[in-house]
Every structure is written in structure tokens, then in C-alpha cells.
Amino acid sequence: MAHIYSKEVMDLFMNPKNMGEIENPSGLGKVGNPVCGDVMWIYLQVNEETDIIEDIKVKTFGCVAAIATSSKTTEMAKGKTVTEAYKITKKQVADDLGGLPKQKMHCSNLAVDALQRAIINYLEKTGRSVEEID
Amino acid sequence: MAHIYSKEVMDLFMNPKNMGEIENPSGLGKVGNPVCGDVMWIYLQVNEETDIIEDIKVKTFGCVAAIATSSKTTEMAKGKTVTEAYKITKKQVADDLGGLPKQKMHCSNLAVDALQRAIINYLEKTGRSVEEID
Amino acid sequence: MVYLDNNASTRVDQAVIDAMMPYFTDIVSPPSSDYGHSFGVEAKTALDSAREIIASKINVNPSDIIFTSGQAESNNFAIKGIAYANRDKEENLLVASSVSHSTVLDSLKTLEKQGFSVILLKVDSEGFVDRDHLREIVSSTNKRPLLVSVPHGNVEIGTLENIEEIASICHEFNVPIHVEATYSFCKVPLDASATDMTTITSHLIHGPKGVGALYIRKGLKLQRLIDGGLQENKKRGGTENLPGIVGFAKAAELYTPEINKITQKLRDYLWNVFEQKIPDFQVTGPFDRDKRLPNHFSVVISYVEGESILLHLDILDFMIATGSACSSKQLKASHVLSAIGLPTEVSHGSVRVGVSKFNTQEELDQFVNHLASIVARLREMSPMNAEFMREWEEMKAQGVVPKDNHHHEFEDLEE
Amino acid sequence: MVYLDNNASTRVDQAVIDAMMPYFTDIVSPPSSDYGHSFGVEAKTALDSAREIIASKINVNPSDIIFTSGQAESNNFAIKGIAYANRDKEENLLVASSVSHSTVLDSLKTLEKQGFSVILLKVDSEGFVDRDHLREIVSSTNKRPLLVSVPHGNVEIGTLENIEEIASICHEFNVPIHVEATYSFCKVPLDASATDMTTITSHLIHGPKGVGALYIRKGLKLQRLIDGGLQENKKRGGTENLPGIVGFAKAAELYTPEINKITQKLRDYLWNVFEQKIPDFQVTGPFDRDKRLPNHFSVVISYVEGESILLHLDILDFMIATGSACSSKQLKASHVLSAIGLPTEVSHGSVRVGVSKFNTQEELDQFVNHLASIVARLREMSPMNAEFMREWEEMKAQGVVPKDNHHHEFEDLEE
Ligand SMILES: Cc1ncc(COP(=O)(O)O)c(C=O)c1O
Ligand SMILES: Cc1ncc(COP(=O)(O)O)c(C=O)c1O
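Here is the structure:
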């Protein structure tokens, strides 16, 4: 089976991780635009004592790269504090996936964007702002 | 063996007729131009009593069509009176050969031209002009 | 492997390969000279007979058929040939359907940069050329088009244009018409003698790639695209691709109306099973099956994205095509789907199937079953659904653009 | 069948056919999209690897190789591409060797009609470009050429040009150079990275017809000849002829220096036997065997005409080529033989042989024996001989033109 995507991307595409929703999430981040072809919603369940992301779910509409990066980003965030998770970069996600086709690098932005937005949402709900962790 | 030429043309090309010279011919006709790629010399031996062409030979430099038309023209002329032979047309030669490729039709002119020139040469030698037979 | 992308290209028939073989290994001379050795003459005989077979398929004289390297060359030759042959005329308008093939549209773009005017014809939601628009343009007294180009069968949405009707509108006003019949050749009868130029190709009818033809009405003046010899009635230089041409003719010969009955039956079967098993999809192109290429079925499936569908199917060994932006090199929505008015957010779910005589009903059953579960799975993980789309439509209506508009230009892909 | 016309075209190697086969029958998708199903990706992988093989043969980067439909397209693209890309510049001079291929010369004719200036470079009696003439033209300060086009190996007379030398003269004055390497590709080492464009082709190295390539130096601006997609680095639209391209690469891979040792040995053998057995002939092209295409031997035989020789040989199952006017479609003497100063009355006796690895010494022995008796037979019936030619030369010197000058124009063959 020859594909332009790395084995890691294909594996996560075939068996995506953390797909789904969390009811009453601690934080929710929605990004994307159906015109562009990628929409991602990330749901966080954060332990307010420790700021640790105890659970994370994602809903993704999009291409192979979008599904794989959603999975990878959520896997990377899970178990981290929001401060740590906020620092995950698009490049880290792509590297951890064994690279992405050049033109698809933009897709990996989305999941990280959604994660950051969900963290901001969580911070806002808990009366803080992103500057405090940044 | 696929060729553009008719079977008749190929047969005469392979086994040309009346090739050679006649020493002290009754008439000689030389036409053609080495630049054009066709040169033909026709030699006649004519019975001066009957004006019948008793022998005819041709020397030909040229392409397949030139060789075939030389053979055909001399075959057609042999045994005819010079008056009859003078009337052989280029079209008759081509028709008798089962046709010639359109672009090669010009080549068939040469042999008939050489024949006519040889007849004129014969007539001149015998103190006559072509008007008398034409 | 279940190959269902037969409007992209097709498998070459064994009989076609057999027909080509002597021209690969034995009769290898170029067929150019009449006065050459017998291989050359045999080659010419083969070339002539291929030309006759191809010509008879579209009801034209063999001498008006020019063999080319395929669709791209034929279309470029047709469009630029007319334009450049009329370079010095006052008229400089070129007209084409907006669902024309990229080889047509890109030729027009080049000509536009060089000073020619270009008008793309409106099409309706099924991809048919807007007759009124066409009539308006060809009847214009002060800007008569040099050419109108229209596709016969559309590769993306299957639309089968009524060429006779279009041609008669053009000819009423003495405007020549070029027909792009790449996808319809042998699949739908076409009387190309009613057209001024017609493009046909080999590799969509189980013939080899790299060969096609252009019918050019006798007397129509074209500037040559490829100079260099007396080949092809002096209209296209270069050593003829004789194995390819012989294969093309053989493929055309083998692609009988019977084949179309087979593919049409398969296509209709697929369509029916699709309707039973796949919720929320919308057919693209004509709903009337007789107005589609007989082997063509195309849809957009809601709330899912084409590349993801395509790769899931691929892993299961089923091969289809999509017009999804994410699957294209330019990451742009298909110009055809845009031209028929499909919003990009909808066209992401594009899936199209081209069946061939090599397919079976069992394969199609398996395909739809697989597709049904893939779609269900993708929808489960997608935030998009009917409610999402309703909200989205409202936002669009209110002119509210969502913040995360990741729309971007890929400059390195532009000219 | 003894095929000795291997500079016209060659038999396709069985290994090449085997390499193409999967792309005829299995991997049939166009290799265009990266994000498509695995057939498309496999196709792309095959395309990329073919490009690497071809590129390495002429020492250039794969990304600078564009696949085309063959020599004619490559040469038209190179010449017209440069011309049109510089349409608006003041310089409009195009230069080519006068022994260039017709696809080059006819492209120039077309451009000349459109207002470009054209200069054909003088060549010496062996077909080598006149260095002084070239230098004079490229060094001209007020009319710098847009391009100089030179053949590497000449198909008719075998001349192997010193491309490094020509390129360095051009580049000294910043004039780009196009090299027509159709007949030399794989036969003689060529460092195309020293050139700006280089044409190569498949069907002369036991590859399939209908495929070739053009090397284009990175950064060189060309106007596209065939628009219509992102294929070939956006420089050539259209579905790639993948079986052809794969076959081309396989053929290039198989055409090793060993093959050239074989053909050169055969050619030299032929040359020697020829000298022993055929009276009154003259070699055309370089006498120095190392300055010829390794498989090329060409002569003019006195007092006989090429078509007649060719057909006699053909009936005996030996196939060769001739540059005789009577054998050409236009009934014109070869422009190459004219350019090297051979009078038409002499060039009628042209015979050329291209050997391949499929030939044997025995075949060449038989060939020369047959030829010797054919020549003897034709000379016996010919009025031409040494004396005739002496007289003819005298007449020419005196300006006496013989009456029966059957020289005529074939208007229907002209433009
Ligand atoms: C048109 C278009 N824009 C954008 C993207 C994805 O880029 P981003 O994630 O930056 O929106 C895609 C998907 O590949 C796309 O097709
Ligand atoms: C250049 C050229 N002129 C003329 C001819 C023959 O025509 P004609 O017999 O009229 O001289 C030939 C031979 O075919 C030819 O090659």
C-alpha cells in the first residue's frame, strides 16, 4: 500500500485516538471552517487542583492529516498540565507523526489551535487568563 | 513484402527488360538530368524499309519507377512502327504498369520522352521530320 | 484490487497489447516515407488502417484525423491552433464551457495573457451549457467568437452535452465548435462531422496512454503546435507513436455498444444500492441517467471529507476518485463542482466512480458496504451534521465569517 | 529480416516491454495527485524513479527533466518556448546548425514567419558547426541570439558534435544553448548540465515510441507548449504516458557502454568490409570513426540511385535508409547532405546504416555481398559512369544546363 503519508499518520488515521465528546467539559476549543475542509472541536476534562488534563476528546471533520494530527495532539496533551500542553507546537506534532506532506503542514495547525483555544476557555472559566501560563 | 508500387512495377524493377546499348543505333534519345535523379538513354534499331522498331535498348539511372517505366516503354515500342511508337503516352505506360504513385507519375514521362527523342533522331537521320509522322 | 476510477484512466485490454506487440518488436520503422523499405510501408499501412477505424467511430473522413500524444495536446492544438491562425484578425474572442477540462481552460488562460479575450459559458446545476448565454455570445455582431469549446462528456460529473444542439447554435452564426470528447469517445455515439474539431483519447477505453487524436474539419485553418515533418497530413511533426496508435484503434474497435450496456447496467446497479445504503448524499451532474456518461456515477456525501473516504477505501483495496480540495495538489475545490454552484463546504464530500467492463456487481456491493461503514465511522467523529450545517448556513446568510478561516494561498503552486 | 535502419527507430527490448507491462494492466492510474489512492501513488513513485534514471544518464537533476511525447515535442517546446518567453524583448534572433533536425528547422521557419530572425550556422564538409561563424554570431553586440540549437549526433551523417566546446562559446557570451541529443542519447556520454536544454528520446535506444524528454536548466524561462495541469513541474500538462516513461527509463538503463562497444565493433567491421567490396563510394560525415555516432555508417555510392538500392535490398530482407531525393516524400535531397556541400547528383546514391546490438557480423557480411551485386547490376544498366560525370562537371562549369531538366515543384506538398 503506497501512500504519501508516513506510517504514523496512516496508523492514527486508521485507528484515531480520543475521538468523541466530553459532556460538560472543563474547556472547549472550536476551530476550523467547513469551507477550508477542516473543523476540529477539542474537549478537555481538567483536574482543577493540579491543572492536569485528565481526559481529552476531539471531533474532527477533515482529511487524513487532520484526523491524524487531532489524534496525535490529544495524545500528546493527555496527562500534561495545561501549561505544558499549551506549549505543544505544530512542528512537534508533525515531527511526532514522522512528518507531514509540505502542503498539508497547515492542517496540523488546527489541532494545536483547538487545543490552545480549549485551554484558554478552561482558564477563562477558572478566572485566569492565558498570560498567566504563557 | 509491402511496397507502394504495383506488382507490375516491382516485377519490371526486379527483372528489367531491354537494358543495354545498341552499337550504331538507328536512333538515340538521351533525356534526364542527374540532379533530378533520372537519366535515360534509349537506343533504337529500326528497319528502314518498314519503319518497324526491331530492337530497342535503354540505359537508366534512377529510382524504381524510372527503371520500371524504361522497361515498359521499350517493351511497348518494340515491334511497332516509329509512327505507332511515337504515339505511346505517359499515361498508357503508367496504366500498363498498374498505376504509379501520384508523385512518381513524372518519372514515367522520361522514358516516353527518350523514346520520342530517339524516334526524332532516327527520322532526322533518314531525312524526315516528326511532322511527317505526327 | 477493485479499480473504480475508470474515468481517470483504464486498464489496457490484453487484445490491445497483443495488437501493439508487433509494432514494438517487429515493424519498428517510422511509417513516414512511401518509398522506403517494406517495414516502413507496412507501418504506413497499419497507420492508415488505424486512422480509418478511428474516423469511422466518429463518422468523419480518415484524412481529417490527426494523431496526437493525447487529450492535452489535442486540446491545446485545437484552441491555440485556431487562436494563432487568426492572430491578425480583429476578432479575438475564445469561448468555452466553464466545466471544460483544465487542458482547455489553461490553454485559454495562456491566450488571455497574450491578448485574446476569453468568455466562459455559464452552466446549469447539472453542468449543461446555458443555451441562452451561448446564443447571446455567438450572435453578438461586434464580437464574434473565433471558437466555442464544449465538453461532450464531463469527467467529474458525467454530464453528457447535446452536441448537435450546441453545434447548431454555433453554426447558425458561423462560429466553429470544438468538442472535448475524451470521456465520451466510444461510450456515447458522436457525429463529429457536425463539429469543426473533436478531441478523442485512447487511455479511457482500455487503450494505451500517450495517444489521442484530433478531428479537424477539412479546410479549417490551424496553426501547427508541433512542427517538423510531413507526418499527419503535415499538421503534426514527429515520428508517429505507431504501437500506441494501433493500440488506440484496437481499443476503439473493441469498445462496442455491448460494453456500454455492461457498464451502464453496473452503474445503475451501483446507483440503486447507493440509494439504499448511504444516507445523506446528493448526486452531482444529471439526475437523468441517460444524460450521463454510461459508466459514470458521482455524488457528494454530507459531513465527511473525500480524501479520508478515499484512503479508507484504498486500504480495503477499492479505488475511487474525489473532487475534494484536500485531495487536490492545489488544495482547491474542483472548478467543475464550483461551476455547478456547489459550495466548497459541500464539495469536500465528493466521491466519483467510473466503472468498466472489468467490474462486477459483487465488487459494487462490497464497495457500497465498505463505504457505508466508512461514512458512518467518519461521521461519528465529525463535528459536522445537519444542525451544524443549518447554523453554518445562518452564519453565512448573516455574513458572519468564522474567525478561524484557514484559507490560504499556496504561492509556490501558482504561476 | 535484417534490420539495419536503427537510427530511424529500433526494436523495443523484451525487458523494456516487461517493465511497461504492469503500467498497462495494473498500475493504470495517472500519477498526478499525491493524495490519491495507492495506484496513483505507486504511479507517482514509478514516475519519479524513471525521472531519476533518465536524469542521471545526462548528469542533471531529476527535477529539471520534463517528459514529453518525443523528439518533435521536445524540440518544438525548447525552440518556441524560448522564443515566446522572450516575445517582448528586443532581441529576436534564433540560431541553429544547418544540419539540425527538421523538427528544429521547421519550428524556426514558423517563428520566422512570426517575425523572429533566424540564422542557420554554416557547417563544414563533415557536418561540424563552423566555430568562427558561431563565434561571430553569438559575440555580436547588437543582435544577441535568444538561443543556439545544435545536434549532438547527426542522424544522417553520424557527426558527433563537441558540445562542451560549442556550449562554452555560447556561454562565453551568455547565449543559452539547446542540444538535440535524440540520436546520441546513451550512445555517447553527454553532460547536459553544461547545456541549457537538451532533447532526448526513447525509441532509438530500444525503448517505446511516443516518449521523450527535455532537460531544462533550472531558472530558464520557457513558455509552455502544452498547458493543462500541474504535471511535469507545471511545464507540460496532460496525463503522463507512464508505461512509455517507465519503458524509456528501462531502455536507458539497459543501454550501457557495453552496448556501444558491440555496435561500434559491428559498425567498424561493416566499414572495413565495405571498403573491400564496394567500388566507388564516399563516406558522408566524419572520417574519424570516433567523431561519429558509434552505430552509424553512411556513404554515397556513385552512379546508382538510393531508392533502387533500398528496394533491391528490401526484397532480400535487408533494411537500410537513404537520403536520396527520389525516396523522400517531397522528392527533395536531404537538407543535411546539401548543407555539407554534396551536389544533388551525388546525394542520390546515399545509403546509411544504423546497427544495433541485435545485428551480427554475418548479417553485415551478407548485406555487403548483396549490396555489391546490386550496385554492379544497377551500374550495368546506368548511363552514368566516371566519364559521364566528368562531362557533366564540365557542362556545369560552362553553365550549360541540359534541356530535360525535370525539376519541378510539388505545390501540394508545400505550405
Ligand atoms: C482548501 C484548503 N485549505 C486549507 C486546508 C487545510 O489547511 P488548514 O488546516 O490550514 O486550514 C485544506 C486541506 O488540506 C484545504 O483543502
Ligand atoms: C527531385 C526529383 N525530381 C524529379 C524526379 C523525377 O521526376 P521527373 O521524371 O519528372 O524528372 C525525382 C524522382 O523521383 C526527384 O527525386
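Residue numbers (our numbering), protein chains in the order written: chain A, 597 to 730; chain B, 597 to 730; chain C, -11 to 403; chain D, -11 to 403. C-beta atoms are modelled at their ideal positions from N, C-alpha and C, and glycine is treated no differently.
{"Item": "Stretch pair the region 192 to 202 of chain D + the region 38 to 53 of chain C: three plus CB contacts closer than 8 angstroms", "Value": "no"}
{"Item": "Three or more C-beta pairs below 8 angstroms linking the region 603 to 615 of chain B and the region 664 to 675 of chain B", "Value": "yes"}
{"Item": "Cβ shell of Tyr601 of chain B (< 8 angstroms), same chain only, five flanking positions each side left out", "Value": "Phe609, Val660, Ala661, Ala664, Leu696, Pro697"}
{"Item": "Residue of C:Asp353, C:Leu299, C:Leu108 minimising C-alpha distance to His323 of chain C", "Value": "C:Leu108"}
{"Item": "Where Val635 of chain A meets chain C, residues with beta-carbon distance less than 7 angstroms", "Value": "Pro371, Met372"}
{"Item": "Backbone CA spacing between Leu81 of chain D and His140 of chain D [nearest angstrom]", "Value": "21 angstroms"}
{"Item": "Nearest-angstrom Cα separation, counted from Arg39 of chain D out to Ser51 of chain D", "Value": "8 angstroms"}
{"Item": "Three CB pairs or more closer than 8 angstroms across the region 168 to 175 of chain D and the region 307 to 321 of chain D", "Value": "no"}
{"Item": "Rounded Cβ spacing between Phe161 of chain C and Ser127 of chain C (contact assumed at less than 8 angstroms)", "Value": "5 angstroms"}
{"Item": "Under 7 angstroms from the C-beta of Ile663 of chain B: neighbouring residues of chain D", "Value": "Ser296"}
{"Item": "Neighbouring residues, chain D, relative to Thr227 of chain C (Cβ below 9 angstroms)", "Value": "Ala(-4), Ser(-3), Gly58, Gln59, Ala60, Thr189, His191, Lys197, Gly198"}
{"Item": "Glu368 of chain D in three-state terms, based on DSSP", "Value": "helix"}
{"Item": "Beta-carbon proximity list for Ile53 of chain D, same chain, < 7 angstroms, skipping 5 on both sides", "Value": "Arg39, Ile42, Ala43, Ala201, Tyr203"}
{"Item": "Span separating the alpha-carbon of Asp18 of chain C from that of Ser(-3) of chain D", "Value": "Asp is not the amino acid found at residue 18 of chain C; the sequence shown has Pro there. Roughly 7 angstroms between the two C-alpha positions."}
{"Item": "Residues that Ala462 of chain D contacts on chain B, provided the C-beta gap is smaller than 7 angstroms", "Value": "No answer is possible for residue 462 of chain D: it lies beyond the span of chain D, which begins at -11 and ends at 403."}
{"Item": "CB contact below 8 angstroms: Pro697 of chain B versus chain D", "Value": "no"}
{"Item": "CB contact flag (Cys314 of chain C, Gly633 of chain A, <8 angstroms)", "Value": "yes"}
{"Item": "DSSP-derived helix/strand/coil call for Met307 of chain D", "Value": "strand"}
{"Item": "Close-in-space but distant-in-sequence residues of the same chain around Leu352 of chain D (CB under 7 angstroms, 5 per side omitted)", "Value": "Leu254, Tyr257, Leu258, Val261"}
{"Item": "7 angstroms Cβ cut-off: residues of chain B touching His336 of chain D", "Value": "Gly633"}
{"Item": "Where Val234 of chain D meets chain C, residues with beta-carbon distance less than 8 angstroms", "Value": "Ordered by position in chain C, no residue passes the 8 angstroms Cβ test against Val234 of chain D, which lies about 11 angstroms from the chain."}
{"Item": "Where Asp400 of chain C falls: helix, strand or coil (DSSP)", "Value": "At Asp400 of chain C the pLDDT is 32, less than 50, meaning the model places this residue with poor confidence; the figure from the coordinates comes in the next sentence. DSSP places Asp400 of chain C in helix when its eight states are reduced to three."}
{"Item": "Contacts that Gly658 of chain B makes with chain D (C-beta to C-beta distance below 8 angstroms)", "Value": "Glu293, Ser296, Cys314"}
{"Item": "Chain D contact for Lys613 of chain B (CB, 8 angstroms cutoff)", "Value": "no"}
{"Item": "Whole-angstrom C-beta distance between Val689 of chain B and Phe657 of chain B, which should lie under 8 angstroms", "Value": "Contact doesn't hold; Cβ gap of about 18 angstroms is too wide."}
{"Item": "Unbroken stretches of the beta strand (DSSP E), 3 residues or longer, contained in the region 218 to 297 of chain D", "Value": "269 to 271, 284 to 289"}
{"Item": "is_contact[Met185 of chain D, chain C] using C-beta, thresh 8 angstroms", "Value": "no"}
{"Item": "Near ligand 4: Pro282 of chain D beta-carbon under 7 angstroms from a heavy atom", "Value": "Among the ligands in the structure shown, ligand 4 does not appear; only ligand 1 and ligand 2 can be found there."}
{"Item": "Beta-carbon neighbours of Leu319 of chain D, restricted to chain B and to distances below 7 angstroms", "Value": "Gln699"}
{"Item": "Residues of its chain near Trp637 of chain A, where Cβ-Cβ distance is below 6 angstroms and the 5 sequence neighbours each way are ignored", "Value": "Lys626, Lys655"}
{"Item": "Nearest candidate by alpha-carbon position, reference Thr91 of chain C, set C:Val138, C:Ser312, C:Ala385", "Value": "C:Val138"}
{"Item": "Status (buried if at least 16 other CB within 10 Å, exposed otherwise) for Asp278 of chain C", "Value": "exposed"}
{"Item": "Ranges of the alpha helix (DSSP H) found wholly within the region 112 to 168 of chain C, counting only runs of at least 4", "Value": "119 to 126, 151 to 160"}
{"Item": "Within the region 628 to 707 of chain A, ranges of the alpha helix (DSSP H) (whole runs, at least 4 residues)", "Value": "660 to 673, 678 to 682, 686 to 692"}
{"Item": "Chain-ordered chain D contacts of Lys655 of chain B [CB-CB under 7 angstroms]", "Value": "Met369, Ser370, Pro371"}
{"Item": "Nearest-angstrom Cα separation, counted from Val356 of chain D out to Asp(-7) of chain D", "Value": "15 angstroms"}
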